[in-house]
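First up is the structure itself, then whatever we jot down about it.
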Amino acid sequence: MQRWLRGQLQRLAGPERVSEQRFRAQGYGEVLELVNFQVSIRPELPRRLLLCAHWDTRPRADRDPERPEDPIPGADDGASGVAVLLELLRLFREHPPPIGIDVVFFDGEDYGQEGDLERYFLGSRYWARNKPPEYLPRYGILLDMVGARGAIFYQERYSLEAAPELVDLIWNTAHELGYGSRFPRSPGAYISDDHLMLIQEARIAAINIIHHRPEPDPFPAYWHTHQDDLSVIDPLTLQVVGQVLLEVLYRRLPARL
Ligand SMILES: [Zn+2]
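Numbering (this note's numbering), first residue to last: 8 to 264.
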């Protein structure tokens with residue numbers, strides 16, 4: 008997967024735009040060799056936005072009664088966000104965006120055992136702690152679980168606290184494009200995810216677009232099971248998320264950055 012993703016990024020953005028951040032992290036009885044990928048679009052522009060997703064998938068299916076020790080495919084939990092970002096990169100080359108955009112693919116998001124948040128978000132934590140102090144994108148937008156059939160994106164609560172105006176902008180844009188039923192303008196749950204590292208460790212106003220509902224049961228049944236494979240994915244959902252983002256990036260956000 009690492010080799011494949013590197014090849015895709017170099018093909019879509021040009022090798023000179025792609026950088027890799029290699030690091031080690033302590034796992035459960037193992038030292039992990041991880042890598043974040045970053046692609047910088049229009050690096051000459053000072054006004055910048057960060058887009059991100061995690062490219063790792065969970066190494067165990069701890070919500071699955073069958074084979075809980077085996078890794079999950081992670082078609083939605085991980086890969087869907089990567090898929091949308093790859094298509095955006097392809098479009099950025101055809102139509103250079105009016106703002107600078109950095110697209111980051113984090114490793115090690117989903118490594119931790121449930122409840123052990125110290126061993127989640129390994130890539131975003133490392134990235135946020137080692138980011139150059141002068142690099143301060145105006146906002147960060149994380150995509151996670153953005154591909155499932157019928158996915159509903161409630162307003163994630165850490166996002167509402169970190170950047171309520173950006174949540175408003177994105178959700179209002181979705182309504183204007185006719186996707187209101189997918190983007191209810193009401194709070195969901197507090198979801199710990201890579202955007203928390205951006206907020207807490209790097210002081211970036213970051214939000215998370217993630218398929219979930221309010222408590223008590225935020226995630227769909229396939230989450231962290233072997234059922235998270237291509238059968239849950241609907242290209243229409245990927246398209247809805249991508250189109251909302253394109254409208255925001257090219258038309259709505261530039262005046263506000
Ligand atoms: Zn996960």
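By construction, the Cβ of each residue, glycine as well, lies at the ideal position given by its N, Cα and C atoms. Remember, predicted model here, so these are calculated numbers, not experimental data.
Answer yes or no: the CB of residue i versus the heavy atoms of ligand 1, is any distance below 7 Å?
i, result
"Arg54", "no"
"Arg65", "yes"
"Asp114", "no"
"Asp175", "no"
"Asp224", "no"
"Asp84", "yes"
"Asp117", "yes"
"His233", "no"
In the DSSP output, which residue or residues are listed as bridge partners for residue i?
i, result
"Leu41", "Phe30"
"Gly107", "Arg55"
"Leu150", "Ile216"
"Ala155", "Ile240"
"Ile48", "Ile108"
"His61", "Phe113"
"Phe160", "His219"
"Val25", "Val46"
Closest to residue i by CA distance: which of the options is it?
i, options, result
"Arg70", "Leu129, Val25, Glu172 and Gly81", "Gly81"
"Gly115", "Asp109, Ile106 and Glu125", "Glu125"
"Arg74", "Gln234, Gln246 and Leu256", "Gln234"
"Phe113", "Val251, Leu203 and Asp77", "Leu203"
"Asn137", "Arg67, Phe226, Ile198 and Glu208", "Glu208"
"Pro273", "Ala196, Asp201 and Leu16", "For residue 273 there is no data in the structure shown, the boundaries of the chain being 8 and 264."
"Gln15", "Ala228, Asp123 and Gln45", "Gln45"
"Arg145", "Leu260, Asp77, Pro22 and Ala20", "Leu260"
"Gly21", "Gln33, Arg49 and Val42", "Arg49"
"Asp84", "Phe190, Gly187, Tyr35 and Ala228", "Ala228"
Which runs of the beta strand (DSSP E), 3 residues or longer, sit entirely within the region 163–212? None, since the region 163–212 contains no complete beta strand (DSSP E) of that length.
Count the C-beta pairs between the region 127–145 and the region 235–243 that are closer than 8 Å, then say yes if the count reaches three, no if not. Short answer: they don't touch.
Three or more C-beta pairs under 8 Å: does that hold for the region 27–36 against the region 119–135? The region 27–36, when compared against the region 119–135, does touch it at the 8 Å Cβ threshold.
I want to know whether the region 215–229 touches the region 50–68 - three or more CB-CB distances under 8 Å. No, the region 215–229 does not touch the region 50–68.
Just checking, does the region 86–100 make contact with the region 169–186 on the three C-beta pairs under 8 Å criterion? Proximity of the region 86–100 to the region 169–186 falls short of the contact definition, fewer than three beta-carbon pairs being nearer than 8 Å.
Is the number of C-beta pairs between the region 158–176 and the region 94–105 that are closer than 8 Å three or more? Result no; under three Cβ-Cβ pairs closer than 8 Å.
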